[in-house]
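Trainee:
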């Protein structure tokens with residue numbers, strides 16, 4: 001993968017992680033039971049972005065964890081803010097635990113992509129040092 005494509009993928013992953021943070025903020029909002037119709041709409045939008053961007057990321061990198069099913073299960077279990085607000089404490093803690101596991105796994109993927117980018121940068125610098133052009 002070219003350095004430019006890696007840079008684009010890194011930016012995409014960072015944006016994706018921001019959506020995951022927003023998802024968690026909505027879970028917290030649901031727990032407080034202080035949300036309105038606009039919040040529900042924004043929550044649905046964040047969930048749709050998470051699912052759509054996942055497909056783009058998976059088409060660019062091979063990922064074993066988190067699985068697409070893990071993410072779909074988590075997103076599916078949070079059908080709405082109203083639904084989240086009605087969950088018992090144990091169910092909410094379980095959801096938060098699943099979210100955290102996926103969030104950490106996504107950061108791991110981002111780190112792996114950054115390692116690839118740095119390795120490619122090193123190859124390019126090594127090639128330029130010896131007067132060769134990197135393809």
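In my numbering, the protein residues as written are 1 to 135.
A virtual CB, placed ideally from N, CA and C, is assigned to each residue, including glycine.
(1) With three or more C-beta pairs closer than 8 Å as the rule, is the stretch 37–51 touching the stretch 86–102?
(2) With burial defined as no fewer than 16 other Cβ atoms inside 10 Å of the residue's Cβ, what is the status of residue 13: buried or exposed?
(3) Here's a check: name, in chain order, each residue in its chain whose Cβ is nearer than 8 Å to the Cβ of residue 20, leaving out the five neighbours to either side.
(4) Alpha carbon to alpha carbon, how far is residue 120 from residue 62? Give it in angstroms, no decimals.
(5) Give the C-beta separation of residue 6 and residue 117 to the nearest angstrom, bearing in mind that I take them to be a contact with Cβ-Cβ under 8 Å.
(6) Taking buried to mean at least 16 other C-beta atoms within 10 Å of its own C-beta, is residue 27 buried or exposed?
(7) Contact check, residue 9 vs residue 78 under 8 Å by CB: the rounded distance?
(8) Measure the alpha-carbon distance for residue 44 versus residue 56 and round it to whole angstroms.
Mentor: Checking against the coordinates, here is how it stands:
(1) no
(2) One-based indexing of the chain shown puts residue 13 at position 13. With 16 or more Cβ atoms within 10 Å of its Cβ, residue 13 is classed as buried.
(3) For the purposes of this step, residue 20 is taken as residue 20 along the chain shown, with counting starting at 1. So the qualifying residues of the chain are 50, 99, 102, 103, 106.
(4) By one-based count along the chain shown, residue 62 stands at place 62. By one-based count along the chain shown, residue 120 stands at place 120. Going by the C-alpha atoms only, they are around 18 Å apart.
(5) Taking the chain shown and counting its residues from 1, the one referred to as residue 6 is at position 6. Taking the chain shown and counting its residues from 1, the one referred to as residue 117 is at position 117. Residue 6 to residue 117, Cβ: 4 Å. Contact.
(6) By 1-based counting over the chain shown, the position of residue 27 is 27. Buried is the call here.
(7) Position 9 of the chain shown, counting from 1, holds the residue named residue 9. Position 78 of the chain shown, counting from 1, holds the residue named residue 78. Contact doesn't hold; Cβ gap of about 27 Å is too wide.
(8) Position 44 of the chain shown, counted from the start, is the residue given in the question as residue 44. Position 56 of the chain shown, counted from the start, is the residue given in the question as residue 56. Going from the Cα of residue 44 to the Cα of residue 56 covers about 19 Å.
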